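Numbered according to the numbering used here, the sequence shown spans residues 138 to 627.
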Amino acid sequence: MSATPATVPSLEPEGSRRDVMHLAWPIGVSMISYSFKGVLDSLMVGHLGTDALAAVGVAGVLAFNVIAFPMGVLRGQKSLVSQYLGAGRSQESFRFGIQAFYLAAAFSLLFLFLAGQAGSIFALISHGSAMRGESILLGQKYLGWRIGCSAPTLMALAVGEYLRATGRTRLPMVADLISHPLNLLFNYALIFGNFGAPKMGVVGAAIGTGLAETVCLVLLLIFPALTRKGKLPAKPFRFEWVRFRRVLSVGTASGVQFTLEVGSFSLITFMISRYLGSLSTAVHQAAIQVIHFSFLPAVAVGDGGSVLIGRFVGMKRYDLVQRTVRSMLQLIVPLMVAMGLVFLLAGQYIAAPFIHNEDPELQARGIALGGALLAVAAVWQLGDAFQIVYRFSLRAAGDHQWVMWAGVSLTWVLSVPLAWTAMQVFGGDVNLVWLMWSGELYLGAWVFRRRWKSGAWRRKRLVQASSEEEALPELNPPPSPEATLPPAAS
């Protein structure tokens with residue numbers, strides 16, 4: 138870790154499309170790597186049988202819902218770090234990153250306690266379900282170990298988000314590209330008892346993930362240290378209650394929003410499985426996997442753009458903020474519209490490999506339904522593109538509380554009731570559920586865009602004034618060819 142700011146050349150540090158892509162592509166690679174790891178992980182667990190696969194599937198969803206809040210909170214540090222960096226206060230941005238790491242450690246201790254209660258939680262939720270007794274027992278074991286092994290996941294997320302906020306998006310990417318294949322190797326050894334390891338079944342899958350995340354954490358701490366310059370400041374790692382509370386305060390809005398939105402999606406998936414049956418649920422899940430190919434690259438662009446927006450808001454360069462938003466739209470909208478055309482024209486061909494049923498009639502129905510869902514997803518794309526751009530931009534500018542209330546309201550006032558209405562009032566299938574979702578997506582796009590155009594986000598800047606800060610004009614001269622970055626975390 139470096140006490141003095143490290144300088145990294147940037148050819149166009151002015152919010153251009155190239156500048157956004159420079160930060161976004163490593164984030165996209167990390168996301169794609171994670172998706173592939175998840176698919177291969179499921180394939181390995183599937184070799185243990187349908188009971189094991191069902192147990193890990195349900196327990197995995199529960200574990201993600203539990204971890205969603207701290208994940209959202211820890212991602213909230215990004216706007217603080219990037220804005221203070223833009224304001225020229227790199228040491229303060231560094232200290233916010235340190236407090237985020239301590240916050241991750243605090244959540245980890247809490248989850249060690251929850252891990253002991255996970256079996257009871259899983260039994261309570263699965264009571265009265267159609268799951269077999271063996272699946273419930275396996276799910277209890279997996280959930281306990283997965284939550285218990287969440288500490289390296291959360292601490293790696295804290296360090297990775299700090300590095301991304303400072304513009305060093307390639308370091309987390311490299312760590313992911315090393316740790317994700319290791320995760321598969323650990324799982325292969327521990328699930329099936331290979332390479333002299335004990336055969337642990339679903340527990341081995343949870344432990345393998347924990348070991349891989351530990352490797353990722355170590356790499357994230359080592360990589361920046363290899364490039365550090367100068368000496369550390371006095372007491373750089375001390376706990377600071379005021380900054381710790383600020384990270385928690387800013388991040389809580391993101392945590393609440395992420396938790397409730399993940400919860401709403403889980404509830405809608407549960408309703409589809411309960412009211413429409415296994416075929417609709419399978420097609421729904423398959424279509425969700427497919428649309429990741431348009432959604433994840435768009436999110437990567439939004440994530441990269443948000444780093445620049447936070448930095449420019451810190452600099453009070455609102456002209457560059459607006460240019461960055463335009464660049465994000467110019468990258469995301471054509472991508473998602475093009476993917477929408479692919480979904481519309483080739484939906485059934487794309488869905489076919491995901492649908493498997495021994496009954497030829499059900500197989501044909503599933504493929505047709507999958508094609509119909511992807512056609513509806515094509516309608517989504519433009520609304521989703523605008524939502525991603527303006528959500529990420531508002532949050533980066535510091536308007537995180539408004540984004541939370543708007544996002545949660547749209548999800549729970551519209552998405553969940555509309556899904557229930559489609560199935561229970563109109564007697565529709567999963568295709569109607571998805572079609573009614575389009576209303577929420579386009580209304581959300583309009584709401585977030587309207588908030589951005591109002592300019593209210595300009596009053597939400599997170600940087601607290603100092604003597605130097607008070608003298609900072611609203612429009613600075615163009616930045617130098619080199620973007621100053623804060624000290625690396627080690």
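Glycine is no exception: its CB is placed at the ideal position from the N, C-alpha and C atoms.
Small disclaimer: the values here were computed from a predicted structure and weren't measured.
Following the DSSP letters along the chain, one finds R528 inside the alpha helix (DSSP H) bounded by residues 497-534. By the Cβ-count criterion, L510 is buried, with 16 or more other Cβ atoms from all chains shown falling within 10 Å of its own Cβ. For A424, the closest alpha carbon among the candidates G477, G400, Q467, F374 is that of G477. Within its own chain, the residues whose Cβ lies closer than 7 Å to the Cβ of A260, once the five positions on either side in sequence are excluded, are I273, Q277, listed in chain order. Considered as a whole, the segment 533-609 harbours 537-546, 553-557, 567-591, 604-607 as its complete alpha helix (DSSP H) runs of no fewer than 4 residues, in chain order.
For the 7 Å CB-CB criterion, Q394 and G592 do not form a contact.
CA-to-CA, the gap between I469 and R212 works out to about 21 Å. For C353, the three-state secondary structure derived from DSSP is helix. Each of A252, A534, A419, D178 was checked against the Cα of A505, and the nearest Cα belongs to A419. Rounded to the nearest whole angstrom, the C-alpha separation of V567 and E229 is 49 Å. A189 and G183 have their C-alpha atoms roughly 7 Å apart. If you ignore the 5 residues before and after G281, its C-beta comes within less than 6 Å of the C-beta of A252, A255, G256, all in its own chain and listed in chain order.
Residue state for L466 is assigned as helix, using DSSP reduced to three classes.
With the rule of 3 Cβ pairs closer than 8 Å, the segment 543-563 does not count as touching the segment 493-503.
It is roughly 10 Å from the alpha-carbon of L348 to the alpha-carbon of L322. Taking the C-beta atoms as reference points, M158 is found no nearer than 7 Å to L433. Taking a 10 Å sphere around the C-beta of K174, we find 16 or more other C-beta atoms and assign the residue as buried. Around the beta-carbon of I359, fewer than 16 other beta-carbon atoms lie within 10 Å, marking it exposed. Within a 10 Å sphere around the beta-carbon of L247 sit fewer than 16 other beta-carbons, which makes this residue exposed. A362 counts as exposed, since fewer than 16 other beta carbons sit within 10 angstroms of its beta carbon.
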